[in-house]
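Enquirer:
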Amino acid sequence: MNCEDVATDLPGLLYGELDAQARAAVLKHMEECSGCAAEYESLAAVVVRLDEWSGPESQKASPAPIASRAGAIQPVTRRMAPAVAAFSGLAAGLAIFLCLTYFQADLRIRDGEFVLNFGRGAPAESRVALANGEEFMLFLHENSTATAGLTEEQHKEIINEYTAWARQLAEQGRYTGGEKLTDDGGRMLVASADGTSVAHGDYTGNVLSGFFRIIAAGYDDAVEIARTCPHVRFGTIEVRQLHKLKR
Amino acid sequence: MSENDAEFIRRFKNGDAAGFADLVREWEASVLNLAFRMTGRIEDAEDIRQLSFLRVHRGLATYDGNAGFSTWLHRIVINVCRDHLRARRADHRRRAIVGSNMMRSPNQNDPRVKAEETSSPPVAEAVAALPGDLREVIVLRHYCGHSFVQVAEILGEPASTVKSRALRALQTLREALEKSAGKESKSP
Chain U
143 MNCEDVATDL PGLLYGELDA QARAAVLKHM EECSGCAAEY ESLAAVVVRL DEWSGPESQK
203 ASPAPIASRA GAIQPVTRRM APAVAAFSGL AAGLAIFLCL TYFQADLRIR DGEFVLNFGR
263 GAPAESRVAL ANGEEFMLFL HENSTATAGL TEEQHKEIIN EYTAWARQLA EQGRYTGGEK
323 LTDDGGRMLV ASADGTSVAH GDYTGNVLSG FFRIIAAGYD DAVEIARTCP HVRFGTIEVR
383 QLHKLKR
Chain X
19 MSENDAEFIR RFKNGDAAGF ADLVREWEAS VLNLAFRMTG RIEDAEDIRQ LSFLRVHRGL
79 ATYDGNAGFS TWLHRIVINV CRDHLRARRA DHRRRAIVGS NMMRSPNQND PRVKAEETSS
139 PPVAEAVAAL PGDLREVIVL RHYCGHSFVQ VAEILGEPAS TVKSRALRAL QTLREALEKS
199 AGKESKSP
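Below, the structure written as structure tokens:
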């Protein structure tokens, strides 16, 4: 694989679309090619920065959804409660920083270890050998009305906190991914004698809104990391260790 | 296509208008997001959302489901965005020629709009400054979550072309953000 091949594969690598074989080939090339490695790291930083632009829900209050304005239209499914809708500004903001799965693309192999880097400027030695750590999930729960009524400015401040927290964790090589879940109850599949029924999930009260995937030495360490997450102010964090089943 | 979408479309094709309303409700946030990322203005995005669903309404009768619904829908939105941006550019040119404030739309004198524009993060300005073909790829891949293959399907281009554009887009964004950071550091 040469530099031209790597350039072709860079978008796929940045967005986690390469298969394992192609990914390994690109990473191997970058171990030996500082130019391609630098290109990749600087573009990964751009991908991260794209999330600084929050979505339309953070703009001025939008008129009622056009489906509602059409009038006389009864929803067939239960939609977001008003309080949840008010919460969407923050949720969108959180999405920016919870959707940091791109950092997975920053997983590099160096000196026989997996190394996590956080884009440009990350300390070269900030690494965690995955073999020495365990992976934990931080499930983020919150009341769907927890942040209703916050101003846009307050939302931005919270977003900045999440940014700093995620960046710091990634720089320490302790971050392997995260996602914001959409603001709905999703679907619930329930097995019954008649087969599997599918129902709309409930999105009121305490809801699961997102997750982080981190590396820690054990539960105590994972809890200490979770304590520093801004989310503790808005809800609860469930810390669970991944059980890596041998396949 | 999700079971929900298939059901909404089936109802609409069977004459149930509420089926279309449900489809709109399911997808309007997604359409607004795409339109906003393409235009950078919420007012424009709302107009595009309306126009897009009008086209969906007209075209749904012939939608055969071969393409995924989100692919089909976003292709429509992208086309509406292209028309809109083309008209906006023509309008700007006309104003430049006339050189008169009288040609300004009321919105341009609305401080709220100005505030929105000036408060845009540098990355929003950098995306807005991308050439249209590069911006489409970044918006569809990054902000709408389509895979490169889906983006290729939406744009009717080979996946290799889409990936090549994505690379150029990211490189262009990098330069723009570096320039922006340089300006910020020089400002008092």
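Taken in order, these protein sequences are the chains called U and X. If you use this note's numbering, the first sequence closes out at 389, no skipped numbers anywhere. If you use this note's numbering, the second sequence closes out at 206, no skipped numbers anywhere. C-beta: ideal position from N, C-alpha, C; glycine also.
1) Taking Phe354(U) as the reference, which of Asp363(U), Thr287(U), His297(U) and Phe278(U) has the closest Cα?
2) How many angstroms separate the CA atom of His385(U) from the CA atom of Glu276(U)?
3) Looking at the unbroken alpha helix (DSSP H) that takes in Gln68(X), where does it start and where does it end?
4) Apart from the five residues just before and just after Arg329(U), which ones in its own chain have a Cβ nearer than 8 Å to its Cβ?
5) Under DSSP, the alpha helix (DSSP H) around Val167(X) begins and ends at which residues?
6) Quick one: which residues of the region 153 to 175 of chain X get their C-beta closer than 7 Å to a C-beta of chain U? List them in chain order.
7) Would you call Leu52(X) buried or exposed, if buried means 16 or more other Cβ atoms sit within 10 Å of its Cβ?
8) Could you tell me how far apart the beta carbons of Ala144(X) and Ala194(X) are, in whole angstroms, since I believe they sit closer than 8 Å?
9) With a threshold of 8 Å between beta-carbons, can Ala333(U) be considered close to chain X, or not?
10) Out of Ala79(X), Arg107(X) and Met56(X), which has the shortest C-alpha to C-alpha gap to Asn97(X)?
11) Mind checking whether the beta-carbon of Glu277(U) lies closer than 7 Å to any heavy atom of the ligand ATP?
12) Where Arg165(U) and Glu313(U) are concerned, what is the direct C-alpha to C-alpha distance, given to the nearest angstrom?
13) By the 7 Å beta-carbon criterion, what residues does the region 43 to 55 of chain X contribute toward chain U?
14) Counting Cβ pairs, one atom from each stretch, are 3 or more of them under 8 Å apart for the region 284 to 299 of chain U and the region 20 to 29 of chain X?
15) As a quick exercise: from Leu292(U), Glu194(U) and Ile357(U), pick the residue whose alpha carbon is nearest that of Phe376(U).
16) Between which two residues does the beta strand (DSSP E) holding Gly197(U) run?
17) Determine which residues of the region 181 to 193 of chain X have a Cβ less than 8 Å from any Cβ of chain U, and write them out in chain order.
18) Listing by chain order, which chain X residues have their CB less than 9 Å from the CB of Tyr182(U)?
Expert: Short version:
1) Residue 354(U) sits at position 212 when you count from the first residue of the first sequence. That would be Phe278(U), whose Cα lies nearest to the Cα of Phe354(U).
2) Here residue 385(U) refers to the residue found at position 243 of the first sequence. Here residue 276(U) refers to the residue found at position 134 of the first sequence. One C-alpha to the other measures close to 9 Å.
3) Sequence index remark: in the second sequence, residue 68(X) carries index 50 (1-based). From DSSP, the alpha helix (DSSP H) with Gln68(X) extends over Ile60 to Gly77.
4) As a working note, residue 329(U) is residue 187 in the first sequence. So the list reads Val340, Ala341, His342 and Gly343, once near-sequence residues are dropped.
5) Within the second sequence, residue 167(X) is the residue found at index 149, counting from 1. Here the alpha helix (DSSP H) through Val167(X) covers Phe166 to Leu173.
6) Arg159, His160, Ser165 and Phe166
7) Counting from one through the second sequence, the residue named residue 52(X) turns up at place 34. Answer is buried; the Cβ neighbour count reaches 16.
8) Position 126 of the second sequence, counted from the first residue, corresponds to residue 144(X). Position 176 of the second sequence, counted from the first residue, corresponds to residue 194(X). That pair is a contact at about 4 Å.
9) Residue 333(U) sits at position 191 when you count from the first residue of the first sequence. Output row for Ala333(U): interface = no.
10) As a working mapping, residue 97(X) is identified with position 79 in the second sequence. Nearest C-alpha to Asn97(X): Met56(X).
11) Ligands are entirely absent from the displayed structure, and the ligand ATP is therefore not among its contents.
12) Here residue 165(U) corresponds to residue number 23 of the first sequence, with the count starting at 1. Here residue 313(U) corresponds to residue number 171 of the first sequence, with the count starting at 1. When rounded, the distance between both Cα atoms is 22 Å.
13) Arg43, Glu46, Leu50, Asn51 and Phe54
14) no
15) As a working note, residue 376(U) is residue 234 in the first sequence. Of the candidates Leu292(U), Glu194(U) and Ile357(U), the one whose C-alpha sits nearest the C-alpha of Phe376(U) is Leu292(U).
16) Walking along the first sequence from the start, residue 197(U) turns up at place 55. No beta strand (DSSP E) holds Gly197(U); DSSP gives it neither H nor E.
17) Lys181, Ser182, Ala184, Leu185, Leu188, Gln189, Leu191 and Arg192
18) Position 40 of the first sequence, counted from the first residue, corresponds to residue 182(U). Within 9 Å Cβ-Cβ: nothing; Tyr182(U) doesn't reach chain X, min ~10 Å.
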